[in-house]
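**Student:** The numbering of the sequence shown is our numbering, which starts it at 2 and goes up by one.
Think of the CB as a built atom: it goes at the ideal place given N, C-alpha and C, for glycine as much as any other residue.
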Amino acid sequence: MPAVTMLNAEGQEAGTLELNERVFGRQGGEAVVHRALVTELANARQGTASTKTRGEVSGGGAKPWRQKGTGRARHGSRRSPIWTHGGTVFGPKPRDYTQHINKKEKHAAMMYALSARLAEGAITVVDALNLPEPKTKQMASLLGRLNVEGKALVLLPEPDEAVRRASANLPNVRLRVAPNVPIREVLWADKIVATAEALRRLEENLAR
(Lines of atoms letter the chains of each structure in order from A; the text may use other names.)
(Lines give C-alpha, C1' and ligand atoms only; values in the text may rest on other atoms or scores of the structure.)
Protein backbone atom coordinates (compact mmCIF):
# COMPACT_ATOMS: atom_id res chain seq x y z
CA MET A 2 0.00 0.00 0.00
CA PRO A 3 1.52 3.36 -1.02
CA ALA A 4 2.42 5.71 1.82
CA VAL A 5 3.45 9.36 1.79
CA THR A 6 4.96 11.64 4.38
CA MET A 7 2.46 14.17 5.65
CA LEU A 8 3.63 17.71 6.40
CA ASN A 9 2.23 20.47 8.55
CA ALA A 10 1.84 24.12 7.56
CA GLU A 11 5.44 24.78 8.59
CA GLY A 12 6.77 22.16 6.18
CA GLN A 13 7.72 19.76 8.98
CA GLU A 14 6.85 16.07 9.07
CA ALA A 15 3.55 15.40 10.78
CA GLY A 16 3.17 11.67 10.22
CA THR A 17 2.57 9.18 7.43
CA LEU A 18 -0.54 8.75 5.32
CA GLU A 19 -1.36 5.39 3.77
CA LEU A 20 -3.09 5.62 0.40
CA ASN A 21 -5.46 3.28 -1.40
CA GLU A 22 -3.37 1.09 -3.70
CA ARG A 23 -6.21 0.78 -6.18
CA VAL A 24 -6.17 4.56 -6.66
CA PHE A 25 -2.51 5.46 -6.19
CA GLY A 26 -0.69 2.21 -7.01
CA ARG A 27 -1.38 1.79 -10.72
CA GLN A 28 1.08 1.66 -13.60
CA GLY A 29 0.64 2.48 -17.27
CA GLY A 30 -2.73 3.61 -18.57
CA GLU A 31 -1.38 6.21 -20.99
CA ALA A 32 -4.09 5.47 -23.57
CA VAL A 33 -7.04 5.92 -21.22
CA VAL A 34 -5.47 9.05 -19.69
CA HIS A 35 -5.06 10.50 -23.18
CA ARG A 36 -8.67 9.71 -24.06
CA ALA A 37 -9.97 11.33 -20.87
CA LEU A 38 -7.82 14.41 -21.42
CA VAL A 39 -8.91 14.85 -25.04
CA THR A 40 -12.56 14.40 -24.04
CA GLU A 41 -12.26 16.97 -21.25
CA LEU A 42 -10.58 19.53 -23.49
CA ALA A 43 -13.08 18.95 -26.31
CA ASN A 44 -16.05 19.37 -23.97
CA ALA A 45 -14.62 22.67 -22.75
CA ARG A 46 -14.77 24.16 -26.26
CA GLN A 47 -17.55 26.63 -26.98
CA GLY A 48 -17.77 25.76 -30.67
CA THR A 49 -18.99 29.26 -31.56
CA ALA A 50 -16.30 30.23 -34.11
CA SER A 51 -18.02 31.34 -37.30
CA THR A 52 -16.97 32.85 -40.65
CA LYS A 53 -19.02 34.09 -43.60
CA THR A 54 -19.00 32.43 -47.00
CA ARG A 55 -19.20 34.47 -50.21
CA GLY A 56 -22.94 34.07 -50.07
CA GLU A 57 -23.15 35.58 -46.59
CA VAL A 58 -20.80 38.57 -46.94
CA SER A 59 -22.67 41.79 -47.66
CA GLY A 60 -22.25 43.34 -51.10
CA GLY A 61 -20.85 41.80 -54.23
CA GLY A 62 -24.06 41.84 -56.22
CA ALA A 63 -22.80 43.91 -59.14
CA LYS A 64 -20.12 42.69 -61.50
CA PRO A 65 -16.99 44.83 -60.76
CA TRP A 66 -16.35 45.58 -64.45
CA ARG A 67 -17.45 44.28 -67.81
CA GLN A 68 -16.35 40.86 -68.93
CA LYS A 69 -14.21 41.88 -71.90
CA GLY A 70 -12.25 44.80 -73.20
CA THR A 71 -10.63 46.18 -70.04
CA GLY A 72 -7.44 44.13 -70.19
CA ARG A 73 -8.02 43.04 -66.62
CA ALA A 74 -8.83 39.59 -65.34
CA ARG A 75 -12.52 38.72 -65.42
CA HIS A 76 -14.43 38.89 -62.11
CA GLY A 77 -18.07 38.46 -61.28
CA SER A 78 -18.19 39.62 -57.65
CA ARG A 79 -16.24 41.74 -55.19
CA ARG A 80 -16.93 39.15 -52.52
CA SER A 81 -15.08 36.30 -54.22
CA PRO A 82 -12.77 34.47 -51.74
CA ILE A 83 -9.72 35.71 -53.68
CA TRP A 84 -10.67 39.35 -53.06
CA THR A 85 -9.89 41.37 -49.95
CA HIS A 86 -13.00 41.39 -47.75
CA GLY A 87 -14.33 38.45 -49.75
CA GLY A 88 -15.97 35.36 -48.30
CA THR A 89 -14.07 32.61 -46.51
CA VAL A 90 -13.74 29.16 -48.04
CA PHE A 91 -14.12 26.20 -45.68
CA GLY A 92 -13.97 28.46 -42.62
CA PRO A 93 -15.27 27.38 -39.21
CA LYS A 94 -18.97 27.27 -38.48
CA PRO A 95 -20.65 26.76 -35.09
CA ARG A 96 -20.49 23.10 -34.14
CA ASP A 97 -20.71 20.79 -31.15
CA TYR A 98 -17.36 19.31 -30.08
CA THR A 99 -18.83 17.23 -27.25
CA GLN A 100 -17.32 13.78 -26.74
CA HIS A 101 -18.47 11.03 -24.41
CA ILE A 102 -16.44 8.89 -22.04
CA ASN A 103 -17.80 6.23 -19.70
CA LYS A 104 -17.68 6.96 -15.98
CA LYS A 105 -15.54 3.88 -15.26
CA GLU A 106 -13.10 4.89 -17.95
CA LYS A 107 -12.96 8.46 -16.63
CA HIS A 108 -12.32 7.25 -13.08
CA ALA A 109 -9.65 4.82 -14.29
CA ALA A 110 -7.89 7.62 -16.14
CA MET A 111 -7.84 9.78 -13.00
CA MET A 112 -6.43 6.90 -10.95
CA TYR A 113 -3.66 6.27 -13.49
CA ALA A 114 -2.86 9.99 -13.56
CA LEU A 115 -2.73 10.28 -9.76
CA SER A 116 -0.57 7.15 -9.54
CA ALA A 117 1.89 8.58 -12.06
CA ARG A 118 2.10 11.93 -10.26
CA LEU A 119 2.66 10.18 -6.93
CA ALA A 120 5.43 8.05 -8.44
CA GLU A 121 7.07 11.25 -9.74
CA GLY A 122 7.01 12.76 -6.27
CA ALA A 123 4.68 15.51 -7.45
CA ILE A 124 2.11 15.14 -4.66
CA THR A 125 2.65 16.94 -1.35
CA VAL A 126 0.28 16.00 1.46
CA VAL A 127 -0.45 18.39 4.32
CA ASP A 128 -2.48 17.72 7.43
CA ALA A 129 -4.50 20.92 6.95
CA LEU A 130 -4.48 24.24 5.09
CA ASN A 131 -5.38 26.98 7.52
CA LEU A 132 -4.40 30.57 6.83
CA PRO A 133 -4.40 33.21 9.59
CA GLU A 134 -5.76 35.77 7.11
CA PRO A 135 -6.80 35.71 3.43
CA LYS A 136 -3.67 37.39 2.11
CA THR A 137 -1.70 36.51 -1.01
CA LYS A 138 1.59 36.69 0.89
CA GLN A 139 0.26 34.15 3.40
CA MET A 140 -0.46 31.63 0.64
CA ALA A 141 2.84 32.33 -1.11
CA SER A 142 4.69 31.87 2.18
CA LEU A 143 2.89 28.59 2.87
CA LEU A 144 3.78 27.21 -0.55
CA GLY A 145 7.37 28.31 -0.03
CA ARG A 146 7.60 26.40 3.27
CA LEU A 147 6.28 23.32 1.45
CA ASN A 148 8.98 23.73 -1.26
CA VAL A 149 6.34 24.20 -3.94
CA GLU A 150 7.65 25.96 -7.04
CA GLY A 151 6.15 26.51 -10.46
CA LYS A 152 2.57 25.51 -11.25
CA ALA A 153 0.63 24.28 -8.24
CA LEU A 154 -2.74 22.57 -7.88
CA VAL A 155 -4.19 22.90 -4.37
CA LEU A 156 -6.83 20.35 -3.35
CA LEU A 157 -9.19 21.01 -0.45
CA PRO A 158 -11.91 18.79 1.03
CA GLU A 159 -14.40 21.68 1.08
CA PRO A 160 -14.56 25.32 -0.05
CA ASP A 161 -12.40 27.70 1.99
CA GLU A 162 -12.98 31.40 1.35
CA ALA A 163 -9.70 32.46 2.99
CA VAL A 164 -7.63 30.10 0.86
CA ARG A 165 -9.58 31.08 -2.26
CA ARG A 166 -8.94 34.77 -1.74
CA ALA A 167 -5.30 34.21 -0.78
CA SER A 168 -4.57 32.24 -3.94
CA ALA A 169 -6.65 34.33 -6.37
CA ASN A 170 -3.74 36.60 -7.33
CA LEU A 171 -1.17 33.83 -7.69
CA PRO A 172 -1.10 33.13 -11.45
CA ASN A 173 0.39 29.64 -11.18
CA VAL A 174 -1.89 28.37 -8.42
CA ARG A 175 -5.22 26.67 -9.08
CA LEU A 176 -7.63 25.71 -6.34
CA ARG A 177 -10.02 22.76 -6.49
CA VAL A 178 -12.36 21.02 -4.08
CA ALA A 179 -12.11 17.21 -4.09
CA PRO A 180 -13.39 15.11 -5.71
CA ASN A 181 -14.20 17.61 -8.50
CA VAL A 182 -10.74 17.77 -10.04
CA PRO A 183 -10.16 18.03 -13.82
CA ILE A 184 -7.60 15.55 -15.10
CA ARG A 185 -5.99 18.29 -17.20
CA GLU A 186 -5.02 20.15 -14.03
CA VAL A 187 -3.63 17.01 -12.41
CA LEU A 188 -1.34 16.67 -15.44
CA TRP A 189 -0.71 20.44 -15.73
CA ALA A 190 0.64 21.03 -12.24
CA ASP A 191 4.31 20.76 -11.33
CA LYS A 192 3.20 20.11 -7.76
CA ILE A 193 -0.10 18.96 -6.27
CA VAL A 194 -0.68 20.15 -2.71
CA ALA A 195 -3.51 18.22 -1.09
CA THR A 196 -4.84 17.89 2.41
CA ALA A 197 -5.17 14.38 3.79
CA GLU A 198 -8.96 14.75 3.87
CA ALA A 199 -9.04 15.87 0.22
CA LEU A 200 -7.16 12.72 -0.81
CA ARG A 201 -9.57 10.61 1.23
CA ARG A 202 -12.49 12.14 -0.64
CA LEU A 203 -10.78 11.45 -3.95
CA GLU A 204 -10.23 7.83 -2.93
CA GLU A 205 -13.84 7.39 -1.86
CA ASN A 206 -15.09 8.77 -5.16
CA LEU A 207 -12.73 6.83 -7.42
CA ALA A 208 -12.55 3.46 -5.67
CA ARG A 209 -16.31 2.88 -5.62
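Does DSSP put GLU159 in a helix, a strand or coil?
**Tutor:** On the sequence shown, residue 159 is found 158 positions in, with the first residue counted as 1. Looking at GLU159 - three-state DSSP - the assignment turns out to be coil, as it is neither helix nor strand.
**Student:** Between the segment 162-181 and the segment 135-154, do at least 3 Cβ pairs fall closer than 8 Å?
**Tutor:** yes
**Student:** Looking only at its chain, what residues have a beta carbon closer than 7 Å to the beta carbon of PRO160, apart from the 5 residues adjacent to it on each side?
**Tutor:** Stepping through the sequence shown from its first residue, residue 160 is reached at position 159. Cβ neighbours of PRO160 beyond the five flanking positions: VAL178.
**Student:** Output the boundary residues of the alpha helix (DSSP H) element that contains ALA197.
**Tutor:** Taking the first residue of the sequence shown as 1, we reach residue 197 at position 196. Counting along the chain, the unbroken alpha helix (DSSP H) around ALA197 starts and ends at 197-207.
**Student:** DSSP state of MET7, grouped into three classes?
**Tutor:** In the sequence shown, counting from the first residue as 1, residue 7 sits at position 6. MET7: strand per DSSP, three-state reduction.
**Student:** Quick check on TYR98: buried or exposed, where buried means 16 or more other Cβ atoms within 10 Å of its Cβ?
**Tutor:** Here residue 98 is taken as the residue at index 97 of the sequence shown, counted from 1. By the neighbour-count rule (16 or more Cβ atoms within 10 Å), TYR98 is not buried but exposed.
**Student:** Is the beta carbon of ALA153 sitting closer than 9 Å to the one on LEU18?
**Tutor:** As a first step, residue 153 is located in the sequence shown; it is residue number 152 there, counting from the start. As a first step, residue 18 is located in the sequence shown; it is residue number 17 there, counting from the start. Not in contact: ALA153 and LEU18 (Cβ atoms no closer than 9 Å).
**Student:** Evaluate the contact criterion for the segment 187-206 versus the segment 107-115: three or more CB pairs, one atom per stretch, below 8 Å.
**Tutor:** yes
**Student:** To the nearest whole angstrom, what separates the beta carbons of LEU143 and ALA10, a pair I think is in contact under 8 Å?
**Tutor:** Position 142 of the sequence shown, counted from the first residue, corresponds to residue 143. Position 9 of the sequence shown, counted from the first residue, corresponds to residue 10. The pair is a contact, with the Cβ atoms about 6 Å apart (cut-off 8 Å).
**Student:** Excluding sequence positions up to five away, which residues of its chain have a Cβ less than 7 Å from the Cβ of PRO149?
**Tutor:** Locating residue 149 in the sequence shown gives position 148, counting from the first residue. It is worth fixing the name first, because residue 149 is Val in this sequence and not Pro. Within the same chain, VAL149 has close Cβ partners THR125, LYS192, VAL194.
**Student:** In angstroms, rounded to a whole number, what distance separates the CA positions of ALA45 and LEU38?
**Tutor:** If you number the sequence shown from 1, residue 45 lands on position 44. If you number the sequence shown from 1, residue 38 lands on position 37. If you take the alpha carbons of ALA45 and LEU38, they lie about 11 Å apart.
**Student:** From the DSSP output, read off the bridge partner residues of LEU1.
**Tutor:** What is shown of the chain runs 2 to 209, which leaves residue 1 out entirely.
**Student:** Who are the Cβ neighbours of PHE25 in its own chain at under 7 Å, not counting the five residues just before and after it?
**Tutor:** The residue given as residue 25 occupies position 24 in the sequence shown. So the qualifying residues of the chain are PRO3, LEU115, SER116, LEU119.
**Student:** Return the residue from the list THR6, GLU31, GLN13 that minimises the CA-CA distance to GLY145.
**Tutor:** The residue labelled residue 145 in the question sits at position 144 within the sequence shown. Among THR6, GLU31, GLN13, the Cα nearest to that of GLY145 belongs to GLN13.
**Student:** Is the segment 51-59 touching the segment 25-34 in the sense that three or more CB pairs, one from each, lie closer than 8 Å?
**Tutor:** No, the segment 25-34 is not in contact with the segment 51-59.
**Student:** Check for me: the beta strand (DSSP E) holding LEU132 runs from which residue to which?
**Tutor:** Looking up residue 132 in the sequence shown gives position 131. Premise fails: LEU132 is in no beta strand (DSSP E) and is neither H nor E.
**Student:** Apart from the five residues on each side of it in sequence, which residues of its chain come closer than 7 Å, Cβ to Cβ, to LYS94?
**Tutor:** As a first step, residue 94 is located in the sequence shown; it is residue number 93 there, counting from the start. The residues are SER51.
**Student:** For MET140, I'd like the list of residues in its chain whose CB is within less than 8 Å of its CB, leaving aside the five on either flank, ordered along the chain.
**Tutor:** Locating residue 140 in the sequence shown gives position 139, counting from the first residue. Closer than 8 Å at the Cβ level, and outside the excluded window around MET140, lie LEU132, VAL164, ALA167, SER168, LEU171, VAL174.
**Student:** For GLY151, tell me which candidate among VAL127, ALA123, PRO158 has the shortest Cα-Cα distance.
**Tutor:** To locate residue 151, count along the sequence shown from 1; it is residue 150. If we check each option's Cα against that of GLY151, ALA123 comes out closest.
**Student:** How many angstroms separate the CA atom of ARG67 from the CA atom of TRP84?
**Tutor:** Residue mapping note: residue 67 aligns to position 66 of the sequence shown, counting from 1. Residue mapping note: residue 84 aligns to position 83 of the sequence shown, counting from 1. Each residue's Cα considered, the two are about 17 Å apart.
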